[in-house]
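First comes the structure, then the notes that go with it.
Numbering (UniProt numbering), first residue to last: 1 to 113.
Set out below in structure tokens:
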């Protein structure tokens with residue numbers, strides 16, 4: 001499997017954990033004190049880092065730092081939008097499309113030869 005694909009898959013899995021750590025408490029722990037939400041989020045974030053750190057180390061073999069960051073941002077948006085719509089039950093907005101187009105532009109510019 002190519003290095004960029006290994007990196008992307010690990011970053012995608014990492015972003016699932018990250019998204020739940022950052023935003024899942026707004027739905028699941030909204031009545032709990034903030035410090036309980038923070039502890040739960042830190043516990044979830046551990047799994048994010050167990051995937052994200054190897055992803056970046058693998059990716060750094062062939063990708064530069066800017067490429068790793070833009071790849072991560074594109075993956076974050078791809079994970080966040082379904083999370084917001086399906087899990088958090090937020091309305092689908094045209095702004096998601098515009099944001100995706102901006103990220104695609106960033107991907108183009110950072111990966112072009």
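Even glycine gets a Cβ: it sits at the ideal position worked out from N, Cα and C.
(message) Tell me the rounded alpha-carbon separation between residue 34 and residue 113.
(response) The residue given as residue 34 occupies position 34 in the chain shown. The residue given as residue 113 occupies position 113 in the chain shown. Roughly 46 Å between the two C-alpha positions.
(request) From the DSSP output, in three-state form, read off residue 61 for me. (result) Sequence index remark: in the chain shown, residue 61 carries index 61 (1-based). Coil.
(request) For residue 100, I'd like the list of residues in its chain whose CB is within less than 7 Å of its CB, leaving aside the five on either flank, ordered along the chain. (result) The residue given as residue 100 occupies position 100 in the chain shown. Same-chain partners within the cutoff: 77.
(request) Give the C-beta separation of residue 90 and residue 58 to the nearest angstrom, bearing in mind that I take them to be a contact with Cβ-Cβ under 8 Å. (result) Residue numbering aside, residue 90 sits at position 90 when the chain shown is read from its first letter. Residue numbering aside, residue 58 sits at position 58 when the chain shown is read from its first letter. At roughly 33 Å, the Cβ-Cβ gap does not stay under 8 Å, so residue 90 and residue 58 are not in contact.
(message) Do residue 61 and residue 110 count as a contact pair if the criterion is CB distance below 7 Å?
(response) Indexing the chain shown from 1 puts residue 110 at position 110. Indexing the chain shown from 1 puts residue 61 at position 61. Contact: no.
(request) Could you pull the start and end residues of the alpha helix (DSSP H) that residue 6 belongs to? (result) Here residue 6 refers to the residue found at position 6 when the chain shown is read from its first residue. It spans 3-19 - the alpha helix (DSSP H) in which residue 6 sits, taken as one unbroken run.
(request) Assuming residue 25 contacts residue 37 (C-beta within less than 8 Å), just tell me the rounded distance between them. (result) Counting from 1 along the chain shown, the entry for residue 25 is found at position 25. Counting from 1 along the chain shown, the entry for residue 37 is found at position 37. Residue 25 to residue 37, Cβ: 4 Å. Contact.
(request) Return the chain-ordered list of same chain residues with a C-beta closer than 6 Å to the C-beta of residue 81, the five sequence neighbours on each side being excluded. (result) Reading the chain shown from its first residue, position 81 is the one you call residue 81. Same-chain partners within the cutoff: 96.
(message) Can you tell me whether residue 30 is buried or exposed? The criterion is at least 16 other CB atoms within 10 Å of its CB, across all chains shown.
(response) Here residue 30 refers to the residue found at position 30 when the chain shown is read from its first residue. It is exposed - the Cβ of residue 30 has fewer than 16 other Cβ atoms within 10 Å.
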